[in-house]
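What follows is a short report on a single structure.
Here is the structure:
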């Protein structure tokens, strides 16, 4: 046997030839779970939230008060807003339309520019480009500067350059996408999942209207199922909604809104006759199910406040046992919403 044969590639060899470098959106299609968590129903609906989050960012920046979600009969879905519209002018560095950059480049968008969005939802910034990569077809329509622009894509790749297709007095962005059946185990958008989250977003963003239209469901009048979500009371209304089947101990929720050092805090508190504590927390509209410093701080504040009040009014002097923090939070329903410029999440999928 020659020396070359002895030193040739062996089964299981691991060297530079085994290293694969995926470009553009290939990585998203190759390992979608890394970006949206899964390819089941949860991952499918995560696509919707990536697009809706962009529209929410426009609302948080003060430029959008209407977001429409439309479920079509062909397994496609549209998200429409009346924000400023994604920019379509030429990106100086990448030498292509900013719309195409946003739609085809990971970690591209206005949320990384503190002057464009002081506060934004989302964590990874994969956003709508990730949705594009995992869609069989996607169409982006932008109303901006008196014109209408359009670009279509197939599995993340532009099918043509950005086109000017008309005139418009409106502003906003319309994204219509068809999830790729090669990627997802199901293409069935669940009305209740979408409605629950849109209702939640309405409570978290006072003054914002979100609508959900399901063209798959027709009423006796032949009209598609339509629901609108809007809140002027914010988290106070949210707490009342959460406790609507429970016996309340106070007539109106305690509702607090404050801002300090560019951090906005909104809290609503209500007590009921149950024995359980229910605290729902959000940072930049993202549900922080595992809690965090904002929840820990809230619990400490509640405990300290009740303990101080009880001591000052001699309410605990005859008790034969020491009260724990859980005792003060029995029957508590609370919603905490914090909006911060640059949050630190462990994860959001």
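Numbering (the numbering used here), first residue to last: 7 to 355.
Ideal placement from N, C-alpha and C gives every residue a C-beta, glycine not left out.
Keep in mind it's a predicted model, so treat the numbers as computed, not measured.
| Check | Outcome |
| --- | --- |
| What residues in its chain sit with their C-beta under 7 Å from that of residue 106, if we drop five residues either side in the sequence? | 157, 164 and 168 |
| Helix, strand or coil for residue 84, going by three-state DSSP, please let me know. | strand |
| Drop a sphere of 10 angstroms on the beta-carbon of residue 337, count the other beta-carbons inside from all chains shown, and report buried for 16 or more, exposed for fewer. | buried |
| Taking only the alpha-carbon atoms, compute the straight-line gap between residue 51 and residue 249 and give it to the nearest angstrom. | 27 Å |
| Enumerate in chain order the residues of its own chain whose CB-to-CB distance from residue 343 is below 7 Å, with the five nearest sequence positions on each side excluded. | 210, 241, 272 and 288 |
| Could you give the uninterrupted runs of the alpha helix (DSSP H) lying entirely in the region 40-73, keeping only those of 4 residues or more? | 47-66 |
| Assign residue 138 to buried or exposed, taking buried as 16 or more other Cβ atoms, counted over all protein chains shown, within 10 Å of its Cβ. | buried |
| Under a Cβ-count criterion, where at least 16 other Cβ atoms within 10 Å of its own Cβ denotes burial, should residue 166 be classed as buried or exposed? | exposed |
| Under 7 Å Cβ to Cβ from residue 94, same chain only, skipping five residues before and after it: list those, please. | 103, 104, 105, 148, 150, 155 and 168 |
| Among 159, 179, 182 and 153, which one has its Cα closest to the Cα of residue 172? | 153 |
| For residue 74 versus residue 59, is the C-beta spacing smaller than 9 Å? | no |
| Looking at the secondary structure, which residues open and close the alpha helix (DSSP H) in which residue 315 lies? | 299-318 |
| Are the region 216-233 and the region 65-83 touching by the rule of at least three beta carbon pairs closer than 8 Å? | yes |
| Which of the three DSSP states is assigned to residue 203 in this structure? | helix |
| If you draw a straight line from the alpha carbon of residue 234 to that of residue 215, how long is it in whole angstroms? | 7 Å |
| Rounded to a whole number of angstroms, what is the C-alpha to C-alpha distance between residue 44 and residue 334? | 39 Å |
| So, using beta-carbon positions, are residue 285 and residue 341 closer together than 9 Å? | yes |
| Looking only at its own chain, which residues have a Cβ that is under 8 Å from the Cβ of residue 265, when we skip the five neighbours before and after it? | 271 |
| Alpha carbon to alpha carbon, what distance is there between residue 145 and residue 224? | 25 Å |
| If I'm right that residue 201 touches residue 236 with Cβ under 8 Å, what's the distance once you round it to whole angstroms? | About 13 Å separates the two Cβ atoms, so there is no contact after all. |
| Would you call the CB atoms of residue 110 and residue 182 closer than 9 Å? | no |
| Given this structure, state the Cα-to-Cα distance separating residue 119 from residue 347, to the nearest angstrom. | Legend: pLDDT at residue 119 = 49, less than 50; position of this residue unreliable, no value from coordinates given. |
| Could you give the first and the last residue of the continuous alpha helix (DSSP H) run that contains residue 247? | 241-248 |
| Roughly how many angstroms lie between the CA atoms of residue 40 and residue 46, to the nearest whole one? | 13 Å |
| Buried or exposed for residue 267, please, with buried defined as at least 16 other CB atoms from any protein chain shown within 10 angstroms of its CB. | exposed |
| Helix, strand or coil for residue 273? Go by DSSP, reduced to three states. | strand |
| Identify, in the order they occur along the chain, each residue of the same chain with its Cβ nearer than 6 Å to the Cβ of residue 262, setting aside the five sequence neighbours on each side. | 273 |
| Drop a sphere of 10 angstroms on the beta-carbon of residue 187, count the other beta-carbons inside from all chains shown, and report buried for 16 or more, exposed for fewer. | exposed |
| So what's residue 251 in DSSP terms, helix, strand or just coil? | coil |
| Using DSSP with H/G/I as helix, E/B as strand and the rest coil, what is residue 36? | helix |
| In terms of alpha-carbon separation, which member of 193, 174, 170 and 135 lies closest to residue 160? | 135 |
| Is residue 322 near residue 311, with beta carbons less than 9 Å apart? | no |
| To the nearest whole angstrom, what separates the beta carbons of residue 4 and residue 140, a pair I think is in contact under 8 Å? | Since the first residue of the chain shown is 7 and the last is 355, residue 4 is not available in this structure. |
| So, helix, strand or coil for residue 343, using DSSP? | strand |
| Go to residue 141, then tell me how far its beta strand (DSSP E) extends in each direction, as first and last residue. | 141-150 |
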